[in-house]
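Q: Take this structure, written in structure tokens, and hold onto it; I'll ask about it next.
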Amino acid sequence: MNTHTLRHKDDHALAARAESSEYLAGILAAAELDVVGQPAKLPELLFPDLGPDAVRRVWDTAFVVGYRLRKLAEHPRWDDAALRRLKTELAGAGYGAMAQLTERRPP
């Protein structure tokens with residue numbers, strides 16, 4: 004598979020993940036915790052094929068993204084110029100589906 008095909012596949016997977024509902028996200032989190040029994044084991048459940056150092060890097064980044072997401076959801080400030088810049092950067096990097104998501108605003 005070439006880099007363009009992989010990026011396209013990753014782009015759509017990330018876009019689909021971003022579109023999932025809050026309700027389903029809550030159920031998924033509860034189910035994952037139920038399966039592993041304790042929060043410290045969640046990273047290994049999500050990324051069983053990665054080494055422990057890689058899992059920790061991914062998990063730490065995801066934690067920061069989740070925290071930022073919550074802050075943005077609680078106090079949304081939609082800067083149209085910043086969103087246009089983000090859209091351009093995502094599209095330029097080959098993440099077209101993610102770029103299209105920047106046009107969405109909460110109801």
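Count along the sequence shown starting at 1, add 3, and that's the number in the numbering used here.
The beta carbon of each residue, even a glycine, is placed where N, CA and C say it ideally should be.
#1: What's the C-alpha gap between A33 and A65?
#2: Ordered along the chain, which non-local residues of its own chain (more than five positions away) have a Cβ less than 6 angstroms from that of Y98?
#3: If you count every other CB in all the chains shown that lies within 10 Å of the CB of P46, and 16 or more means buried, which is it?
#4: Assuming contact is defined by CB atoms lying nearer than 9 angstroms, are V61 and F50 in contact in what I supplied?
#5: Look up T105 in the DSSP assignment and say whether it is helix, strand or coil.
#6: Please list, in chain order, all residues of the same chain as V39 whose beta carbon is under 7 angstroms from its beta carbon, the five residues on each side excluded.
#7: Write down the C-beta distance between A76 and K90 rounded to the nearest angstrom, noting that I regard them as a contact closer than 8 angstroms.
#8: Taking the C-alpha atoms as reference points, what is the distance between K1 and R107?
A: Taking the definition as stated:
#1: If I take the Cα positions, the gap works out to 17 angstroms.
#2: D14
#3: buried
#4: yes
#5: Correct three-state label for T105: coil.
#6: L45 and L48
#7: So it is not a contact: roughly 20 angstroms between Cβ atoms.
#8: The requested residue 1 is not part of the displayed model; the chain covers only 4 to 110.
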